[in-house]
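Numbering (my numbering), first residue to last: 931 to 1458.
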């Protein structure tokens, strides 16, 4: 292939910056205040270095341990955070704790007492008297080690290490030679990847599953038929975590295998994926009573969110496609390497990579955003990049490195060096926002820690936050019913009818120290 000139590369990056500019102008929810300016500064520095007479430092010479340390740092630091930034993560952890205890669900408190323990993203089945997470079980299954050891981010840490190893092995399989380590380093220092590893969002685990499937595809493409089973297992696990993502990658890789005449490998992929599909159907049967009805569907119909006509929003196809694409690619434009427009180089590299991977990387990078563009929600805003398509980040990173192999040496060194040098700025600005959100959501628990409450104390949350019941429901998480039997501090919601006095009687809380949480000054006061 023809070696691209510096002028061509700059032009492509300029085109890649257009989505960020459009998002800045027309979508107030796509980016945070300084994203585009930081990313533009990084791009400017990269090309400034590329024009210097002396060749700048070579990032590809960095040792593997450097990538490992960078990858685990966000997870270790976040372990000291007061809690997660989403109710999704709390629901995943609750279900993981149930799985670790050999249960699919937990008993629902009787009658209107269920309100006292109610959590977002947790479905309440009054007919069966149980409750469980609304999400597909894959994430919570992956988090069983976290539940067993009492460290929610343990599974995240393990996945980050596996991700690095898979990226390195994939780059080697694609014959990137000495640049295989560069692909791993750039992936490790990606602000998007680092921010993802501060959480236990479902994408943490689907990313690992998809990387495993892609690795299995490359191994099976090299005529190792049995590796086709890993393709099916990876896509099957991704389906158990994020069903839509699993379906897209299964289709992309499966059709590529068939197009390349890999019939035996395709059959092995089916064998590898079938247990996961059957497992999900069986899980649905046990939880919802119908194998083709997912827990997610039940929650969307019962708890919403709803539009103005009281129709469920969280149903696939309710999103605005153009808005969805603008938001996703606007975020990509600043998130890839934290360098404005570098995303376009990555897509170009993935296109060139098709001679080695049959077009899987570029097809997934194009199709996945299209599929998610009609979803009503584009993913949480705090992780910098388009969260719902983060599984394509390592594939695009490898494509980017593949492109760099064809560019002038100074450019090949300058762009990665700028990404490495300034990744911390983009990470820190977003990490601060993540910490602020975590503190806001964990305010009652922080107040409990500050006052060192005695064992078995009870803290009552007010019915509203800032005069809003919705904010109180969204931001505060009560204890689980079973925690009433332990020695820890218990946090309960209250309503106009279920006052602390009523709850003391109905939940038999006599003999415990009782406290009221004041949202105004985030303090606790003893109830005499």
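In this text, a Cβ means the ideal position worked out from N, Cα and C, and glycines have one as well.
| Asked | Found |
| --- | --- |
| Cβ contact (3+ pairs, closer than 8 Å) linking the stretch 1277-1292 and the stretch 1300-1318 | no |
| Reduced DSSP secondary structure (H/G/I, E/B, other) of residue 1037 | strand |
| Inter-residue Cα distance where the pair is residue 1142 and residue 1315 | 22 Å |
| Separation of residue 1446 from residue 1430, as counted between CA atoms | 8 Å |
| Close Cβ partners of residue 1096 (< 7 Å) along its chain, the five nearest in sequence each way excluded | 1141, 1142 and 1145 |
| N- and C-terminal bounds of the alpha helix (DSSP H) containing residue 1093 | 1084-1103 |
| Distance between residue 1234 and residue 987 (C-alpha atoms, nearest Å) | 53 Å |
| Beta bridge counterpart(s) of residue 1055 as assigned by DSSP | 1060 |
| C-alpha distance - residue 1194 paired with residue 1155, whole-angstrom precision | 6 Å |
| Helix, strand or coil at residue 1420 according to DSSP, with G and I counted as helix | strand |
| Bridge partner(s) assigned by DSSP for residue 1236 | 1242 |
| Rounded Cβ spacing between residue 1322 and residue 1294 (contact assumed at less than 8 Å) | 6 Å |
| For residue 1172, the nearest candidate out of 980, 1301 and 1259 (CA to CA) | 1301 |
| Pair within 8 Å by beta-carbon distance, residue 1047 and residue 1408 | yes |
| DSSP three-state assignment for residue 1361, whether helix, strand or coil | helix |
| Residues of its chain near residue 1124, where Cβ-Cβ distance is below 6 Å and the 5 sequence neighbours each way are ignored | 1004 and 1357 |
| Span of the beta strand (DSSP E), counted from its first residue to its last, around residue 1449 | Where residue 1449 is concerned, there is no enclosing beta strand (DSSP E), given that its DSSP letter is neither H nor E. |
| Bounding residues of the beta strand (DSSP E) (the contiguous stretch that carries residue 1390) | 1388-1391 |
| Same chain, Cβ closer than 8 Å to residue 1021, five either side skipped, listed in chain order | 1049, 1050, 1051, 1052, 1063, 1064 and 1065 |
| Identified DSSP bridge partners for residue 1455 | 1446 |
| For residue 1354, the nearest candidate out of 1255, 1451, 1000 and 1270 (CA to CA) | 1000 |
| Sequence-distant residues of its chain with Cβ nearer than 7 Å to residue 1236 (five each side left out) | 1242 and 1243 |
| CB of residue 950 within 8 Å of CB of residue 966, strictly | yes |
| Residues bridged to residue 1398 [DSSP beta-bridge criterion] | 1395 |
| Limits of the unbroken alpha helix (DSSP H) element including residue 903 | Within the shown structure, residues of the chain are numbered from 931 to 1458, placing residue 903 beyond reach of any answer. |
| At least 3 beta-carbon pairs within less than 8 Å: the stretch 1417-1437 vs the stretch 1379-1391 | yes |
| Three-way DSSP call (helix, strand, coil) for residue 1384 in this model | coil |
| Three-state class that DSSP yields for residue 1250 in the structure shown | coil |
| Nearest-angstrom Cα separation, counted from residue 1082 out to residue 1010 | 11 Å |
| Straight-line Cα distance separating residue 1369 from residue 1442 | 27 Å |
| Chain-order list of residues whose beta-carbon lies under 8 Å from that of residue 1098 (same chain, five-residue window excluded) | 994, 1110, 1111, 1113 and 1114 |
| Residue-level contact to chain B via CB, residue 1335, 8 Å cutoff | Protein chain content of the structure displayed is limited to a single chain, and chain B is not contained in it. |
| Three or more C-beta pairs below 8 Å linking the stretch 1249-1266 and the stretch 939-956 | yes |
| The alpha helix (DSSP H) enclosing residue 1032, as first and last residue numbers | From DSSP, residue 1032 is part of no alpha helix (DSSP H); its letter is neither H nor E. |
| C-alpha distance - residue 1271 paired with residue 974, whole-angstrom precision | 11 Å |
| Local conformation of residue 1022 per DSSP, three classes | helix |
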